[in-house]
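Everything below concerns the one structure shown next.
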Amino acid sequence: MFYGLAGLVAVPFLLCWPAMWGARQRVYAIVDRYLWVLLWLLRNVCGIWFRLEGRNSLPEGAVLIASQHESTWETLFFQVLFDHPVMYAKAPIFSYPVFGPVVRKFGHIPVTAGTGADAMRTGFRAGAAAVKDGRSLVIFPSGTRRQDVDALQAGVGVLYQLAGVPAVPVRLNSGAVWPHGSWLKFPGTVEVQIGPVIEAGLDRRDFMQILSAYLAD
Numbered sequence: 009m010f011y012g013l014a015g016l017v018a019v020p021f022l023l024c025w026p027a028m029w030g031a032r033q034r035v036y037a038i039v040d041r042y043l044w045v046l047l048w049l050l051r052n053v054c055g056i057w058f059r060l061e062g063r064n065s066l067p068e069g070a071v072l073i074a075s076q077h078e079s080t081w082e083t084l085f086f087q088v089l090f091d092h093p094v095m096y097a098k099a100p101i102f103s104y105p106v107f108g109p110v111v112r113k114f115g116h117i118p119v120t121a122g123t124g125a126d127a128m129r130t131g132f133r134a135g136a137a138a139v140k141d142g143r144s145l146v147i148f149p150s151g152t153r154r155q156d157v158d159a160l161q162a163g164v165g166v167l168y169q170l171a172g173v174p175a176v177p178v179r180l181n182s183g184a185v186w187p188h189g190s191w192l193k194f195p196g197t198v199e200v201q202i203g204p205v206i207e208a209g210l211d212r213r214d215f216m217q218i219l220s221a222y223l224a225d
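The numbers in the numbering used here rise by one with no breaks, and the one at position 204 of the sequence shown is 212.
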């Protein structure tokens with residue numbers, strides 16, 4: 009029922025497709041409304057709610073949002089919860105008929121599976137440039153969707169140093185209601201917890217220790 013209704017309510021938004029070639033703010037407005045409709049459907053059809061804690065602790069300006077990654081839920085709804093941050097996305101998504109133009113317009117950064125060192129450096133520089141342009145950047149330190157955080161990718165430390173802005177750790181439990189690799193949805197509440205801000209300029213190892221301690225707690 010959820011997927012059927014999500015497809016039906018997408019129709020009027022698809023009629024706004026020509027606006028995808030307009031100003032980014034116009035695209036934000038269209039996509040945001042669709043995402044809020046999806047959240048309403050999740051609540052009323054699947055019994056899935058969400059709770060965001062710690063929003064008032066976010067500093068002004070761009071930040072590096074270092075979040076746990078358990079589900080597709082956060083890749084969709086962080087857009088509206090964190091004011092359209094830049095994200096890294098799998099390169100094939102950029103060629104999808106509907107999602108491709110959206111992720112390109114949002115300024116997301118493509119990542120290729122098995123990326124070499126040069127491509128990784130290019131991705132890091134693109135992320136740092138987005139932050140310097142005043143946009144927050146989401147990174148998933150676990151590197152993939154998992155419900156346990158036993159090791160963080162070293163790249164998040166590199167990106168933290170390149171970006172030169174505070175980092176905000178985020179814990180969540182979205183995998184309990186929207187499991188990775190499954191079409192099923194389960195009733196419950198997605199708890200999104202924004203942790204204490206990690207100031208900019210720390211030693212990379214100190215940063216990784218602080219981040220790991222919070223996400224693995």
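For each residue, glycine too, the CB sits at the ideal point set by N, CA and C.
Keep in mind the model is a prediction, meaning the values are calculated, not measured.
Quiz item: Could you give the distance in angstroms between the alpha-carbon of G115 and the alpha-carbon of V94?
Solution: 6 Å
Quiz item: Which runs of the alpha helix (DSSP H), 4 residues or longer, sit entirely within the region 55-120?
Solution: 80-89 and 107-113
Quiz item: Between R63 and the rest of its own chain, which residues show a CB-CB distance below 7 Å, the 5 nearest in sequence each way excluded?
Solution: I202
Quiz item: If you scan the region 171-220 from start to end, which runs of the beta strand (DSSP E) of 3 or more residues do you find wholly inside it?
Solution: Taking only runs of at least 3 residues, the beta strand (DSSP E) segments lying wholly in the region 171-220 are 175-179 and 196-202.
Exercise. Answer yes if the region 126-134 comes into contact with the region 59-74, meaning at least three C-beta pairs across the two stretches below 8 Å, and no otherwise.
Key: no
Quiz item: Is the region 134-144 touching the region 180-189, taking contact as three or more C-beta pairs under 8 Å?
Solution: no
Quiz prompt | Same chain, Cβ closer than 6 Å to C24, five either side skipped, listed in chain order | solution = I38
Quiz prompt | C-alpha gap between T80 and L46, whole angstroms | solution = 13 Å
Quiz item: Quick one: is P8 buried, meaning 16 or more other Cβ sit within 10 Å of its Cβ, or exposed?
Solution: Nothing can be reported for residue 8, as the shown portion of the chain is limited to 9 through 225.
Exercise. State yes or no: is the C-beta of P149 within less than 8 Å of the C-beta of V164?
Key: yes
Self-check item: Segment limits, alpha helix (DSSP H) that includes V39
Solution: R32 to L49
Practice problem: Count the other C-beta atoms from every protein chain shown that fall within 10 angstroms of the C-beta of G135, then say buried if there are 16 or more, exposed otherwise. | Solution: buried
Quiz item: From the beta carbon of H77, is the nearest beta carbon of chain C less than 8 Å away?
Solution: Note that chain C does not occur in the displayed structure, where there is just one protein chain.
Quiz prompt | 7 Å Cβ shell around R51 - same chain, five flanking residues per side excluded | solution = For R51, the CB contacts under 7 Å within the same chain, skipping 5 residues up- and downstream, are W57 in chain order.
Quiz item: Considering V139, what are the terminal residues of the alpha helix (DSSP H) in which it resides?
Solution: A125 to K140
Quiz item: To which residues of the same chain is F132 closer than 8 Å at the C-beta, ignoring the five residues directly before and after it?
Solution: G163, V166, L167 and L170
Quiz item: Using CA coordinates, which residue listed in P109, D40 and E207 is at the minimum distance from S65?
Solution: Among P109, D40 and E207, the Cα nearest to that of S65 belongs to E207.
Quiz prompt | Element boundaries [beta strand (DSSP E), containing V17] | solution = Counting along the chain, V17 falls outside any beta strand (DSSP E), though it belongs to the alpha helix (DSSP H) covering F10 to L22.
Exercise. With DSSP collapsed to three states, give me the class of L145.
Key: strand
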